[in-house]
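The structure appears right after this line, and notes come after that.
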Ligand SMILES: *[C@@H]1O[C@H](CO)[C@@H](O)[C@H](O)[C@H]1NC(C)=O
Ligand SMILES: *[C@@H]1O[C@H](CO)[C@@H](O)[C@H](O)[C@H]1NC(C)=O
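In mature numbering (1 follows the signal peptide of the UniProt record, and there is no 0), the protein residues as written are -18 to -1, 1 to 400.
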């Protein structure tokens, strides 16, 4: 029935324009109207059709005038792949996307080790050629920064602490790279795609190790030696500053390091800004009436709960963050579970009642417009096995990464030593 209807309509359109003598119109040099120049308005002149033999070959993945987005090896947004961990690598860059396929720190649904792969699949519809959009006045891929996909950092699936150490070593190797455009910035910046949230700590183990010698990691030490203390903006439904005695019960040192304690440990190791860190979109359960929140305050955090957005609105949320962070360097950590499960079902520890994708993008955009100095970022806890056939979570995650890329390009940052 459907195709019969279509066929009938096409015949009607074709005969309507046939009554306007399309041959005559085509012979004049007047520009034809849309209908006249479309397949409905004229007979196909077979001799003018370029056959596959006469078309040039199309190999480039960023050839976005049609089917290019479906081609090429699946890097993030079809960016060039650079082996960022190898100093002898031929490719230089300013902003790198790097995967941490790690999920040994989760408490509920496992599977975030496949997150980097899922994020790249979610970014498949994006490309440097099509990097403009209606909300930003620039294509971040064709501006001052060379943006690449660094691939993933290999780590063992058999030992959490060894794996974290390997991730740290990899991050340090990348952080040591000289940027491509040294007139804009004197340090490379990374956006890590997780992986469970434990990895943020691997981005933060640059202080003097206290109780957690095994995590005394050079990687964030590398960041620390470049940037000093940084303010963490932590978009997450959970606090992740849990005292390991609460979350995991202090069973063993091994159990204490997990995706809900890493900000506590980062604070203990002296890696965070003293008082400028914030949780955004918080809405989690707590173990008791006071201790968790008191400990959170002690770790240098304040928070804006998910429900507060309804009263404050996006602009006031942005204003509060900007006032608190001021001129400090910002590390942005986005747990995809900050979004409502309607927008991001595929995550490890879901909490209903979260923000929409649009609200999150708009807040990040506001921080960029305010010129906050972003020095690195991660987007974590994407567990593709729980995503749906529409790839809702993966595509939302890729859009968040695009927004972060826009921020990094909009705000080039020089290190304090520069
Ligand atoms: C490097 O960055 C500067 C802005 O700081 C820009 O003017 C210049 O075009 C960039 N160079 C390249 C090769 O993109
Ligand atoms: C942050 O706290 C540490 C440890 O208490 C202290 O040494 C340092 O001076 C503080 N930094 C600022 C900027 O207040």
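Even for Gly, the Cβ is constructed at its ideal location relative to N, Cα and C.
Let me check you understand the geometry: is the CB of residue i closer than 7 Å to at least one non-hydrogen atom of ligand 2?
i: residue 256; result: yes
How many angstroms separate the CA atom of residue i from the CA atom of residue j?
i: residue 192; j: residue 117; result: Here the model assigns residue 192 a pLDDT of 32, short of 50, so the residue's position is not dependable, and the following value carries that caveat. Roughly 45 Å separates the two Cα atoms.
i: residue 224; j: residue 159; result: 34 Å
i: residue 387; j: residue 81; result: 15 Å
i: residue 181; j: residue 366; result: 18 Å
i: residue 220; j: residue 331; result: 9 Å
i: residue 86; j: residue 16; result: 58 Å
i: residue 287; j: residue 178; result: 22 Å
i: residue 403; j: residue 83; result: Any answer about residue 403 is impossible in this case: the structure gives the chain only from -18 up to 400.
i: residue 136; j: residue 216; result: 25 Å
i: residue 355; j: residue 65; result: 26 Å
i: residue 141; j: residue 120; result: 43 Å
i: residue 291; j: residue 99; result: 32 Å
i: residue 145; j: residue 293; result: 42 Å
i: residue 259; j: residue 53; result: 41 Å
i: residue 101; j: residue 175; result: 7 Å
i: residue 300; j: residue 206; result: 26 Å
i: residue 389; j: residue 19; result: 42 Å
i: residue 306; j: residue 320; result: 20 Å
i: residue 209; j: residue 104; result: 31 Å
i: residue 211; j: residue 254; result: 6 Å
i: residue 350; j: residue 14; result: 45 Å
i: residue 155; j: residue 172; result: 12 Å
i: residue 322; j: residue 218; result: 11 Å
i: residue 395; j: residue 166; result: 8 Å
i: residue 341; j: residue 302; result: 15 Å
i: residue 123; j: residue 345; result: 22 Å
i: residue 359; j: residue 134; result: 15 Å
i: residue 391; j: residue 127; result: 7 Å
i: residue 97; j: residue 297; result: 31 Å
i: residue 93; j: residue 74; result: 32 Å
i: residue 169; j: residue 295; result: 35 Å
i: residue 272; j: residue 90; result: 24 Å
i: residue 270; j: residue 251; result: 25 Å
i: residue 95; j: residue 67; result: 19 Å
i: residue 125; j: residue 353; result: 17 Å
i: residue 338; j: residue 326; result: 9 Å
i: residue 357; j: residue 265; result: 27 Å
i: residue 289; j: residue 335; result: 8 Å
i: residue 76; j: residue 383; result: 15 Å
i: residue 315; j: residue 398; result: 22 Å
i: residue 56; j: residue 275; result: 42 Å
Looking at ligand 1, does it come within less than 7 Å of residue i, judged from the CB to the closest heavy atom?
i: residue 74; result: no
i: residue 166; result: yes
i: residue 126; result: yes
i: residue 226; result: no
i: residue 121; result: no
i: residue 394; result: yes
i: residue 163; result: yes
Could you tell me whether the region 151 to 165 touches the region 106 to 125, where touching means 3 or more Cβ pairs closer than 8 Å?
no
Quick one: any contact between the region 235 to 253 and the region 279 to 297, if contact means 3 or more CB pairs under 8 Å?
yes
For a minimum of 4 consecutive residues, which ranges assigned as the alpha helix (DSSP H) are wholly contained in the region 201 to 279?
235 to 238, 244 to 250
Assess contact between the region 304 to 311 and the region 226 to 239, defined as three or more Cβ pairs (one per stretch) separated by less than 8 Å. Is contact present?
no
Cβ contact check for the region 321 to 336 and the region 358 to 377: 3 or more pairs under 8 Å
yes
To test your reading of the DSSP string, which unbroken alpha helix (DSSP H) runs of 4 or more residues are found completely within the region 59 to 113?
97 to 104
Assess contact between the region 56 to 65 and the region 149 to 156, defined as three or more Cβ pairs (one per stretch) separated by less than 8 Å. Is contact present?
no
With a floor of 3 residues, list each beta strand (DSSP E) that falls wholly inside the region 272 to 343, ordered by position along the chain.
283 to 287, 311 to 317
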